[in-house]
Structures are given as structure tokens and as C-alpha cells.
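Numbering (the working numbering), first residue to last: 9 to 167.
Glycine included, C-beta positions come from ideal geometry on N, C-alpha and C.
It should be emphasised that the depicted structure is a prediction, and the values quoted were computed from it without experimental measurement.
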């Protein structure tokens with residue numbers, strides 16, 4: 009999956025590893041207070057660690073290729089917990105009605121004809137991928153290459 013994300017996912021070029029987004033956009037890290045960081049850590053710790061398996065691909069329209077986590081519900085609960093604590097920061101600025109956990113692989117804007125379909129076929133050969141989810145990362149950066157860095161590691165409750 010790595011080479012396809014590198015070529016076809018803008019976030020990979022910024023230095024963001026493969027991930028399932030909990031909440032974006034969020035408070036800019038320089039503006040975060042100690043109290044807000046504590047509240048964020050508590051919201052993340054309200055969810056127990058879990059295993060997620062990525063066994064299939066999906067599409068948002070014909071423009072974004074992604075991997076589907078199973079189960080998806082713990083990711084939804086994690087997003088809801090953080091959003092409840094920070095209601096002024098709805099997921100994706102409220103652009104979507106549903107929370108749809110996913111791991112982006114490729115964006116049509118970065119590929120030529122057939123690139124995403126070839127990426128999907130190649131990625132499927134490496135599935136399933138199972139991952140223990142025992143923490144979230146607060147990351148920050150700009151759209152400059154390799155600019156994103158981990159600000160804080162936030163553990164989930166022991167599961």
C-alpha cells in the first residue's frame with residue numbers, strides 16, 4: 009500500500025502515515041491549552057484498545073480509494089467522544105452527514121487514467137491487514153512536503 013499512497017495520496021507526501029482520521033480539522037496545536045490536551049487525552053482514553061482488520065476497499069464516488077476497517081464502530085465512537093468534548097470542531101467541518109471511518113489510499117486528483125484502479129488491484133493482494141489500535145496521534149503540519157509531526161501520543165484504555 010505504501011507506494012500507492014506515496015504516489016496517489018497528498019497526505020503521504022506531507023509525512024502523514026497511513027491512518028484512520030479521528031477528527032479533522034482540530035484546534036491548531038500552538039493554540040491548544042494544557043486543559044484542552046487533558047480533555048483530548050481523556051476523550052481518547054474513554055475508548056478501549058481494539059483490533060481492526062482492513063480486508064476490503066471502497067470508494068467515495070470515483071475519486072477516492074480507501075480501505076474499510078472492521079469493526080468500524082470503535083473508530084466512530086472515538087470520533088464521537090472527541091467531538092463531544094470539542095463540539096466546535098465537527099468532523100470535516102460538518103461537510104458529511106455520517107462518520108465513515110476509512111484509510112485513504114489514493115485520490116483521483118493525483119493519478120492518471122486507470123492509476124487508482126491499478127492501485128486498488130495491487131492493494132487487494134496485500135489484504136487483509138490487521139492492526140492493534142491502542143493509541144491515537146495528535147499530528148500537525150502544513151501542506152509543505154514532510155512537514156507533519158506527532159505532537160502527542162494519546163493512549164486508548166487497555167482493552
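Task: Secondary structure of residue 34, DSSP reduced to three states - done: The residue given as residue 34 occupies position 26 in the chain shown. Coil, per DSSP.
Task: Burial state of residue 120, where buried means 16 or more other Cβ atoms lie within 10 Å - done: Here residue 120 corresponds to residue number 112 of the chain shown, with the count starting at 1. Looking at its Cβ environment, which holds fewer than 16 other Cβ atoms inside 10 Å, residue 120 is exposed.
Task: From 62, 40, 143, residue whose alpha carbon lies closest to that of residue 113 - done: Within the chain shown, the letter at position 105 stands for residue 113. Ranking the options by Cα distance to residue 113, first place goes to 62.
- [ ] Identify whether residue 110 lies in helix, strand or coil by the three-state DSSP scheme.
- [x] If you number the chain shown from 1, residue 110 lands on position 102. Coil, per DSSP.
Task: residue 18 and residue 162 closer than 8 Å at C-beta - done: If you number the chain shown from 1, residue 18 lands on position 10. If you number the chain shown from 1, residue 162 lands on position 154. No.
TODO: Measure the CB-CB distance between residue 155 and residue 22 and report whether it falls below 8 Å.
DONE: Mapped onto the chain shown, residue 155 falls at position 147. Mapped onto the chain shown, residue 22 falls at position 14. Contact: yes.
TODO: Starting from residue 94, follow the beta strand (DSSP E) in both directions and report where the run begins and ends.
DONE: To locate residue 94, count along the chain shown from 1; it is residue 86. Per DSSP, residue 94 belongs to no beta strand (DSSP E) and is neither H nor E.
Open item on the list: Considering only their Cβ atoms, is the gap separating residue 101 from residue 82 smaller than 8 Å?
Closed with: On the chain shown, position 74 is the one that residue 82 refers to. On the chain shown, position 93 is the one that residue 101 refers to. It is not a contact, given that the beta carbons lie outside the stated cut-off.
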